[in-house]
Amino acid sequence: MPLIRIDLTEGRSEEEIKAIMDTVQDCSVEAFKVPVRDRYQIVTEHKPGRMILLDTGLGFERSEKAIAIQVFTSPRATINKKKFYILLAENLEANCGLDPKDLLISVTTNTDVDWSFGFGKIQYLNGELPKEENE
Amino acid sequence: MPLIRIDLTEGRSEEEIKAIMDTVQDCSVEAFKVPVRDRYQIVTEHKPGRMILLDTGLGFERSEKAIAIQVFTSPRATINKKKFYILLAENLEANCGLDPKDLLISVTTNTDVDWSFGFGKIQYLNGELPKEENE
Amino acid sequence: MPLIRIDLTEGRSEEEIKAIMDTVQDCSVEAFKVPVRDRYQIVTEHKPGRMILLDTGLGFERSEKAIAIQVFTSPRATINKKKFYILLAENLEANCGLDPKDLLISVTTNTDVDWSFGFGKIQYLNGELPKEENE
Numbered sequence: 096m097p098l099i100r101i102d103l104t105e106g107r108s109e110e111e112i113k114a115i116m117d118t119v120q121d122c123s124v125e126a127f128k129v130p131v132r133d134r135y136q137i138v139t140e141h142k143p144g145r146m147i148l149l150d151t152g153l154g155f156e157r158s159e160k161a162i163a164i165q166v167f168t169s170p171r172a173t174i175n176k177k178k179f180y181i182l183l184a185e186n187l188e189a190n191c192g193l194d195p196k197d198l199l200i201s202v203t204t205n206t207d208v209d210w211s212f213g214f215g216k217i218q219y220l221n222g223e224l225p226k227e228e229n230e
Numbered sequence: 096m097p098l099i100r101i102d103l104t105e106g107r108s109e110e111e112i113k114a115i116m117d118t119v120q121d122c123s124v125e126a127f128k129v130p131v132r133d134r135y136q137i138v139t140e141h142k143p144g145r146m147i148l149l150d151t152g153l154g155f156e157r158s159e160k161a162i163a164i165q166v167f168t169s170p171r172a173t174i175n176k177k178k179f180y181i182l183l184a185e186n187l188e189a190n191c192g193l194d195p196k197d198l199l200i201s202v203t204t205n206t207d208v209d210w211s212f213g214f215g216k217i218q219y220l221n222g223e224l225p226k227e228e229n230e
Numbered sequence: 096m097p098l099i100r101i102d103l104t105e106g107r108s109e110e111e112i113k114a115i116m117d118t119v120q121d122c123s124v125e126a127f128k129v130p131v132r133d134r135y136q137i138v139t140e141h142k143p144g145r146m147i148l149l150d151t152g153l154g155f156e157r158s159e160k161a162i163a164i165q166v167f168t169s170p171r172a173t174i175n176k177k178k179f180y181i182l183l184a185e186n187l188e189a190n191c192g193l194d195p196k197d198l199l200i201s202v203t204t205n206t207d208v209d210w211s212f213g214f215g216k217i218q219y220l221n222g223e224l225p226k227e228e229n230e
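Residue numbers (this note's numbering), protein chains in the order written: chain A, 96 to 230; chain B, 96 to 230; chain C, 96 to 230.
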């Protein structure tokens with residue numbers, strides 16, 4: 096946790112997709128201060144035309160390279176969300192050549208009891224995992 | 096925002112899928128009073144059998160044409176949600192031939208700080224985008 | 096409702112996928128006390144490498160068989176969530192051979208007005224569906 100869905104249009108190599116996944120994870124670890132193995136990612140590639148991401152009138156056009164990052168997480172402070180967004184824009188550009196205008200991010204919040212990481216246990220409640228400092 | 100996921104079973108033409116996307120967007124603009132370029136849609140086609148949408152005992156059978164529309168949005172008033180659902184049922188039938196019983200809708204709510212539309216910025220916080228009237 | 100997304104990596108037969116779907120549904124009915132036809136499931140298969148599910152440092156390695164179950168639902172009591180997770184771990188192992196360490200579960204909560212099961216109606220508000228006992 097967080098669980099992060101990454102949606103993008105076909106056309107990237109395996110290496111490019113892996114670099115995006117790695118970069119998103121590094122940003123999550125740095126911004127949310129989660130353990131390095133707190134990694135839950137699902138990438139879905141779509142045919143052209145299956146993703147339409149406009150700009151709400153902000154004044155830019157996205158390319159076919161645009162990606163949507165949807166984050167499901169227990170509560171995170173605004174300061175950590177801000178850091179996460181900025182890191183994503185900077186590092187996806189630096190590491191993956193993603194134009195910062197091609198980055199849509201959305202976060203949805205749940206709570207500790209909403210996560211089971213294996214064995215049907217609730218590891219945030221049974222003490223196996225500590226609460227996170229920025230919740 | 097909203098970000099709208101549309102899941103459906105294979106078998107529609109490109110034109111039919113595009114018509115569904117356009118209709119869903121028109122309904123969002125009308126019901127939620129968002130800008131016309133406030134459009135964030137992801138369509139996923141599934142093999143037969145990968146979507147099971149029953150009826151909670153309401154007394155109808157859906158067809159293979161059934162679609163699931165999942166909306167992620169900042170808070171919307173009940174009156175706007177009601178309008179959105181009704182518009183979807185009416186207009187997807189009129190424009191796309193969708194049987195109104197083949198329409199499942201689910202909404203999940205987040206907040207302004209949960210959206211970054213590009214450049215790693217939070218456009219609802221930094222003043223680039225105004226708050227929406229029906230939030 | 097709940098709407099349940101099941102994400103897994105390619106390599107299972109149609110029968111195996113159907114068994115997972117049926118088992119998840121049986122667990123939902125038992126844990127949440129929903130009607131048997133309260134079934135809304137979407138399965139997405141991914142190419143190898145498109146899902147990365149680690150362990151937050153809990154000390155285990157998942158296999159390529161790992162699945163992510165993401166639940167969207169109106170509020171559920173902790174006791175019902177606990178039961179749901181345990182039933183999933185037990186029954187997916189018994190019925191589908193899923194190693195309990197290969198099971199990631201995440202729940203996201205919304206409310207009654209966030210659901211339309213057909214015809215653009217809000218069946219939890221218009222009286223067609225009763226409130227659920229464990230909400």
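Don't be surprised by glycine CBs; every beta carbon is placed ideally from N, CA and C. These numbers come from a predicted model, not from an experiment.
Query raised in the report: Within 8 Å (strictly less), CB to CB, does B/N175 reach chain A?
Result: no
Query raised in the report: Among all the DSSP beta bridges, which residues are the ones paired with B/F167?
Result: B/L98, B/T203
Report task. If I'm right that B/S169 touches B/M116 with Cβ under 8 Å, what's the distance once you round it to whole angstroms? Result -> About 21 Å separates the two Cβ atoms, so there is no contact after all.
Requested in this report: Find the nearest neighbour of A/V131 within the set A/T139, A/D121, A/N186, A/G144, judged by alpha-carbon distance.
Outcome: Here the closest residue by C-alpha is A/D121.
Query raised in the report: Taking the Cβ atom as the reference point for each residue, do B/T139 and A/T139 lie within a distance shorter than 8 Å?
Result: yes
Query raised in the report: If we ignore side chains and look at the alpha-carbon of each, how far apart do C/T104 and C/H141 end up?
Result: 5 Å
**Report entry** Segments assigned alpha helix (DSSP H), at least 4 residues, entirely inside the segment 171-226 of chain C
**Finding:** 173-191
Query raised in the report: Going along the chain, which residues of its own chain have a beta-carbon closer than 6 Å to the beta-carbon of B/F155, five neighbours each way excluded?
Result: Contacts found: K196.
Report task. Output the boundary residues of the beta strand (DSSP E) element that contains A/T118. Result -> That residue, A/T118, is in no beta strand (DSSP E); its alpha helix (DSSP H) goes 109-127.
Query raised in the report: Nearest to A/G144 by alpha carbon, out of B/L220, B/A114, B/W210, B/P225?
Result: B/A114
Query - Proximal residues to B/Q136 (C-beta, below 6 Å), its chain only, five neighbours per side dropped - result: I99, M116
**Report entry** Of the listed residues A/E125, A/D207, A/E110, A/G215, nearest to C/V119 (C-alpha basis)
**Finding:** Its Cα nearest to that of C/V119, the residue A/G215 stands out among A/E125, A/D207, A/E110, A/G215.
Query raised in the report: By how many angstroms is the C-alpha of B/S123 removed from the C-alpha of C/D150?
Result: A direct Cα-Cα distance of roughly 39 Å separates C/D150 from B/S123.
Query raised in the report: Exposed or buried, what is B/I164 when buried is set at 16 or more other beta-carbons lying within 10 Å of its beta-carbon?
Result: By the neighbour-count criterion, in which 16 or more other beta carbons inside 10 Å mark a residue as buried, B/I164 falls on the buried side.
**Report entry** Closer than 9 Å at the beta carbon, the chain C residues around B/E231
**Finding:** Any question about residue 231 of chain B goes unanswered here, given that chain B covers just 96 to 230.
**Report entry** Backbone CA spacing between A/Y219 and B/A189 [nearest angstrom]
**Finding:** 48 Å
Query raised in the report: Any beta-carbon of chain A closer than 8 Å to the one on B/L98?
Result: yes
Report task. Under 8 Å by Cβ, that's how I've got A/A173 and B/V208 pegged, so tell me the actual separation to the nearest angstrom. Result -> Residue identity differs from the one stated: residue 173 of chain A is Thr in this sequence, not Ala. Contact flag correct, Cβ pair sits at about 5 Å.
Query raised in the report: Which value, in whole angstroms, describes the spacing of the CA atoms of B/I101 and C/E159?
Result: For B/I101 and C/E159, the distance between alpha carbons rounds to 27 Å.
Query raised in the report: Cα separation between A/K128 and A/K226?
Result: 11 Å
Query raised in the report: What residues from chain C crowd round A/T139, counting only those whose CB sits closer than 9 Å?
Result: Per Cβ cutoff of 9 Å: D102, T139, H141, R145.
Query raised in the report: For C/L63, which option in C/K178, C/E125, C/E111, C/D133 has the closest C-alpha, if you only look at C-alpha atoms?
Result: Look at the range of chain C in this structure, 96 to 230, and you will see that residue 63 of chain C is not part of it.
Query - Closest Cα partner of B/E110 within the set B/I200, B/V166, B/G192 - result: B/G192
**Report entry** Min CB distance C/G152 to chain A below 8 Å
**Finding:** yes
Query raised in the report: Are the beta-carbon atoms of A/L199 and A/L148 separated by less than 8 Å?
Result: yes
Report task. Check the Cβ-Cβ distances between B/N205 and every residue of chain A, and say whether any is below 8 Å. Result -> yes
Query raised in the report: Along the chain, where does the beta strand (DSSP E) that runs through B/V138 open and close?
Result: 135-141
Requested in this report: Kindly indicate if chain C contains any beta-carbon less than 8 Å away from that of A/E127.
Outcome: Reading off the sequence shown, one finds Phe at residue 127 of chain A, where the question assumed Glu. No - not a single Cβ of chain C is within 8 Å of the one on A/F127.
Query raised in the report: Given that B/R134 touches chain A, what residues does it touch there, using C-beta distances under 7 Å?
Result: One finds I147, L149 in chain A with Cβ atoms closer than 7 Å to the Cβ of B/R134, taken in chain order.
Report task. Identify, in the order they occur along the chain, each residue of the same chain with its Cβ nearer than 7 Å to the Cβ of B/S211, setting aside the five sequence neighbours on each side. Result -> I217
**Report entry** Buried/exposed call for C/N221, threshold 16 Cβ in 10 Å
**Finding:** C/N221 comes out exposed.
Requested in this report: Could you please give me the residues that DSSP links to C/L149 through a beta bridge?
Outcome: Bridge partners of C/L149: none, in fact.
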